[in-house]
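Some notes on the structure that comes next.
Numbering (this note's numbering), first residue to last: 1 to 544.
So, in structure tokens, the structure goes:
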């Protein structure tokens, strides 16, 4: 009888133990699958958010041009650089934009950004590969025909790099046509470790409790283990479906063991994810709004500067060309040139203190005032004295302007100029090399009321040239914090054969020389340049 009881007890214990193990295994498996699904979905959602951000960088209207010509421009390189920064900052594996063949089997790469830690090489513009996974070809076809996201998550796994998820979205041009596919591949680095941690915590604790307190554990099994885990699982599933945190459900789990920790961790995860999504949504919306406004401001500022060259095709006495490259979307530098009357040409270059929108607004005021007074026929010095007092009014921000104004008498070549604290121009006289124009630098505009400015004059003959610029040229920095400097600028203009090239080509070469010197260093200041060349003078004096 004792043996039967012992045998029955052993069988009961073995049966309960087996049932407990099976039950714990089932519960753990459910939680494991749901936990994995939530993590995978979160990785995939994160990849889609990165893809949406990357899509805002792309100018879809120019993708076809890049593929047809195989040539890249400055905008292409800027976008590529932005994607390279994005792939690193978001710890993504790959970000690429491809054009697909009609059967969606072959990809032609337009942009390709690769995380440096992957060991992969970037595919250059125009690279073609048959790398589309046949298992996802129908889903890709749906994306490219409807423009909607796929309902299927794209996952891949390799022993070398682990698990990955890929987000693919359509890229539309301004006409609404789908022209390319943008993909973000993100490594699910925490997936395996999180799953192992989950399994070890749940199974280890549960099995240890079953072994140590089998009798008590059987009684309280559902209340102490199964119910909390099911609560966590259901909450994780519910959160995965609607992304709305309901912490009161997890707060019911008051346990201080690993199950309670898991509940609090998931509750915190829900709160953090909701906060992250809300913040990311707000930041993205604000970024898009600011970006749109800055694009409009950039266009408005660009439209304020003369951009049609030659500006006076009917005038053969002179040639003029100018450029302005802002350090940000908008800048404080400006140039201007206009005919005061049939016989006088005014040229202006100026630099407002600061950068960005405040400098751009002050630039508009300064440019308008200088032009209005110059067109009224005032002498250059009188123009600056009047404008200086007007800019000083209500200048609570303490901004100021360095400026150079010159008026050329087209008949005689007499050039009258005034300098308000601006960089000294370069001048080439008599067919010789360039040298610094003798210029007395007065006080900056808007710095102090009732300032007096001394104007000077020089006679320019046919073949003479004048170069005006802002300090963004000479103060451009390279990676070693070295300045481009006035010496390099003077040496550039005195190199052989430069003066024989068109003015636009001379300024393009100078800009390229500055970029080569900077070696990829960020542009810290606006770069503005104006080049004037005298072709002929009429020889008439003011009396005809």
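Glycine included, C-beta positions come from ideal geometry on N, C-alpha and C.
- In this structure, the straight-line span from the alpha carbon of residue 447 to that of residue 388 is close to 8 Å.
- For residue 367, the enclosing alpha helix (DSSP H) starts and ends at 356 to 375.
- Its chain contains 345, 415 as the residues whose beta carbon lies nearer than 6 Å to that of residue 408, once the 5 sequence neighbours on both sides are disregarded; these appear in chain order.
- Distances from the CA of residue 473 to each of 437, 196, 466, 487 were compared; the closest alpha carbon is that of 487.
- For the pair residue 272 and residue 73, the Cα-to-Cα distance works out to about 41 Å.
- Annotation: residue 228 to residue 151 spans about 31 Å, alpha carbon to alpha carbon.
- Residue 383 places its beta carbon 8 Å or farther from that of residue 350.
- For residue 107, the enclosing beta strand (DSSP E) covers residues 107 to 114.
- Within the same chain, 144, 147, 170, 172 come within 6 Å of residue 178 by CB-CB distance, once the 5 residues on both sides are set aside.
- In terms of CA proximity to residue 341, 312 leads the group 396, 76, 449, 312.
- A straight line joining the alpha-carbon of residue 334 with that of residue 363 spans about 7 Å.
- DSSP, read as helix, strand or coil, puts residue 405 in strand.
- With at least 16 other beta carbons inside 10 angstroms of its own, residue 94 counts as buried.
- Counting along the chain, the unbroken alpha helix (DSSP H) around residue 144 starts and ends at 137 to 146.
- The continuous alpha helix (DSSP H) containing residue 79 extends over residues 74 to 89.
- According to the DSSP assignment, residue 389 belongs to the alpha helix (DSSP H) that extends over 380 to 392.
- Beta-carbon to beta-carbon, residue 55 and residue 230 are separated by about 40 Å, too far to satisfy the 8 Å threshold.
- The bridge partners DSSP lists for residue 529 are 323, 469.
- Looking at the DSSP output, residue 168 bridges to 183.
- By the beta-carbon neighbour count (other beta carbons within 10 angstroms, threshold 16), residue 318 is buried.
- With 16 or more other Cβ atoms from the protein chains shown falling within 10 Å of its own Cβ, residue 525 counts as buried.
- A Cβ-Cβ contact shorter than 8 Å links residue 518 with residue 476.
- The DSSP-derived three-state label of residue 99 is strand.
- Judged by DSSP in its simplified three-state form, residue 151 adopts coil rather than helix or strand.
- Cβ contact annotation for residue 343 (same chain, cutoff 6 Å, sequence separation greater than five): 410, 411, in chain order.
- Between residue 48 and residue 86, the alpha-carbon positions lie close to 13 Å from each other.
- Looking at the DSSP output, residue 421 shares a beta bridge with 403.
- Secondary structure note for residue 513: it is in no beta strand (DSSP E), and the uninterrupted alpha helix (DSSP H) holding it is 503 to 518.
- Secondary structure within the region 39 to 64: not one fully enclosed alpha helix (DSSP H) run of 4 or more consecutive residues is present.
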